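A.B. asks:
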Amino acid sequence: MSSTDYDKSTASASDKDSQMLEVHEEKTSDEPLPSPATASLPRPKAKLSAATIIPIWIVLSSSVIIYNNYVYNTLEFRFPVFLVTWHLTFAAIGTRVLQRTTHLLDGAKDIHMSKEMFARSILPIGFLFSASLILSNTAYLYLSVAYIQMLKAFTPVAILLISWTFRIQDPNKRLALIVMMISCGVALTSHGELHFNMVGFLTQAAAVGFEASRLVMIQILLHGLKMDPLVSLHYYAPVCALINLAVIPFTEGLAPFHEIMRAGPLILLSNACVAFLLNVAAVFLVGAGSGLVLTLAGVFKDILLITGSVLAFGAPITPLQVVGYSIALAGLVLFKTSGGK
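UniProt numbering puts the first residue of the sequence shown at 1, with every later residue one more than the last.
#1: Taking contact to mean at least 3 C-beta pairs separated by less than 8 Å, is the segment 321-330 in contact with the segment 91-100?
#2: Find the nearest neighbour of leucine 128 within the set Ile218, Ser183 and Ile327, judged by alpha-carbon distance.
#3: Where isoleucine 248 and leucine 266 are concerned, what is the direct C-alpha to C-alpha distance, given to the nearest angstrom?
#4: Cα separation between glycine 314 and threonine 307?
#5: With respect to the alpha helix (DSSP H) encompassing alanine 92, which residues constitute its N-terminal and C-terminal limits?
#6: Spatial neighbours of leucine 48 within its chain, please: CB distance less than 7 Å, with the 5 preceding and 5 following residues excluded, ordered by chain position.
#7: Please state if the CB of leucine 221 and the CB of isoleucine 162 are separated by a distance shorter than 9 Å.
#8: Can you give me the C-alpha to C-alpha distance between leucine 245 and lysine 173, rounded to a whole angstrom?
#9: Skipping 5 residues on each side, what residues in its chain have a beta carbon closer than 7 Å to that of proline 55?
#10: Just how far apart, CA to CA, sit alanine 176 and lysine 301?
#11: Are the beta-carbon atoms of proline 256 and phenylalanine 77 separated by less than 9 Å?
#12: What's the call for cysteine 240, buried or exposed, on a 16-neighbour Cβ count within 10 Å?
#13: Hey, could you find the ends of the alpha helix (DSSP H) threonine 337 is sitting in?
#14: At a cut-off of 8 Å, is serine 62 close to the ligand ADP when judged by its beta-carbon and the heavy atoms of the ligand?
#15: Ignore the nearest five residues each way along the sequence and tell me which others in isoleucine 182's own chain have a CB closer than 7 Å to its CB.
#16: Answer yes if the segment 163-170 comes into contact with the segment 100-108, meaning at least three C-beta pairs across the two stretches below 8 Å, and no otherwise.
#17: Going straight from the alpha carbon of glycine 209 to that of serine 132, what length do you get?
#18: If you check the beta carbons only, do histidine 103 and phenylalanine 276 fall under 9 Å apart?
#19: With a CB to CB cut of under 8 Å and the five nearest residues on each side skipped, what residues in its chain are close to isoleucine 58?
#20: Expressed to the nearest angstrom, what Euclidean distance is found between the alpha-carbon atoms of alanine 205 and phenylalanine 335?
#21: To the nearest angstrom, report how far apart glycine 192 and alanine 207 are at their CA atoms.
#22: Compute the distance between the beta-carbons of isoleucine 260 and serine 130, then report whether it is under 9 Å.
#23: Can you tell me which of Ile178, Ala50, Tyr72 and Val84 puts its alpha carbon nearest to the alpha carbon of alanine 263?
#24: So, under 8 Å CB-CB, glycine 159 and valine 216 are touching, yes? Tell me the CB distance rounded to an integer number of Å.
#25: Short of 7 Å in beta carbon distance, which residues of its chain neighbour alanine 212, apart from the five on each side in sequence? Order them along the chain.
#26: Quick test of your reading: alanine 146 and serine 309, contact by CB under 8 Å. State the CB separation rounded to the nearest angstrom.
#27: If contacts are defined as beta-carbon pairs under 8 Å, then asparagine 197 and tyrosine 235 qualify, I think. What distance do you get, rounded to the angstrom?
#28: Locate the alpha helix (DSSP H) running through isoleucine 148, then write down its first and last residues.
#29: Which residue marks the beginning of the alpha helix (DSSP H) containing glutamate 259, and which one marks its end?
#30: Between threonine 203 and tyrosine 325, how many whole angstroms is the CB-CB distance? I'm expecting something under 8 Å.
#31: Only counting the same chain, and skipping five residues up and downstream in sequence, which positions put a Cβ closer than 7 Å to that of threonine 251?
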């Protein structure tokens, strides 16, 4: 289900606020197939050590984003709505295959999905998820991978602002300082961007807004409901795929279907496979280590991804962006280590 970041995913652990921000990065979205986070996550029965799963997760998360960018800009298959829909469809089928052949989705047995819960929670959250994935993928048509990753650092600020606006959480001096740090850092990275594009910036900003709204709504509507990233994907993927299918005729029409053979069916299949494997890895990541370890792993992944994208795609970054992103990352670490309180 790509987001290009189901970034969006995130992403991107063991505590509530880390889980909200970590697993999404891996969203999809931006990350492609960024998995929806939930209020609390059970540890998977099968476990891998942190030394094993964290490098795997970093490689898969980075690969999804770089692969999506390659499809959009190198192969010039510039149809983000279609690609997100394809990822979601693949994920919907994949989770159901895993449910019947493995124990990875045993958590779904504990979810009693009534029609009321589906209409009240899954549908509205699925709508926000679809919007986040489509917009975050569309941003790759206008902005570099490195700059998009820098902008994603603003997600915790958006979460806090939404929570404060609707009085879900009370502001305090510590959080206000974190908001200032991240905001100033992102502002500096934007000011230093050599190939700034307003359409791309607004698109990514809207994607961050929808993603933050989704994470806040999950905490409100699904509070106490235990879903790991794969179970969450099991429920949201088909909903989001259907929403996106309804959008395609008004955005991209039949054009992507005519271009499939040019891009290569094997490319699209392998692209969806990598995105789906990222969500499988996220299940094992949940139980791999402490929130601090996973937060630092996420920061390390972002730095590697930005460096790799600069080397792979030749997008320049300026010293001002390095300074700004360093400030934003410091604020991000403070936010996650403080539990967002």
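Even glycine gets a Cβ: it sits at the ideal position worked out from N, Cα and C.
Quantities reported herein were computed from a predicted structural model and do not represent experimental measurements.
C.D. replies: By the coordinates alone:
#1: no
#2: For the residues Ile218, Ser183 and Ile327, the minimum Cα distance to leucine 128 belongs to Ile218.
#3: Distance between isoleucine 248 and leucine 266, taken at the CA atoms: about 22 Å.
#4: 10 Å
#5: For alanine 92, the enclosing alpha helix (DSSP H) stretches over residues 80-101.
#6: For leucine 48, the CB contacts under 7 Å within the same chain, skipping 5 residues up- and downstream, are Phe284 and Ala288 in chain order.
#7: no
#8: 44 Å
#9: Answer for proline 55: no residue qualifies.
#10: 26 Å
#11: yes
#12: Cysteine 240 counts as buried, since no fewer than 16 other beta carbons sit within 10 angstroms of its beta carbon.
#13: Segment 319-337, the alpha helix (DSSP H) holding threonine 337.
#14: The model depicted lacks the ligand ADP and carries no ligand whatsoever.
#15: Ala153, Phe154, Pro156, Val157, Ala328, Gly331 and Leu332
#16: no
#17: 8 Å
#18: no
#19: Ala297, Phe300, Lys301 and Leu304
#20: 20 Å
#21: 21 Å
#22: no
#23: When only C-alpha atoms are compared, the closest one is Tyr72.
#24: In the sequence on display, residue 159 carries isoleucine and not glycine. About 6 Å separates the beta carbons of isoleucine 159 and valine 216, which is inside the 8 Å limit, making them a contact pair.
#25: Thr155, Ala158, Ile159 and Ile162
#26: 5 Å
#27: For a cut-off of 8 Å, the C-beta gap from asparagine 197 to tyrosine 235 is around 35 Å, too long to register as a contact.
#28: 145-152
#29: 255-263
#30: At roughly 20 Å, the Cβ-Cβ gap does not stay under 8 Å, so threonine 203 and tyrosine 325 are not in contact.
#31: Val81
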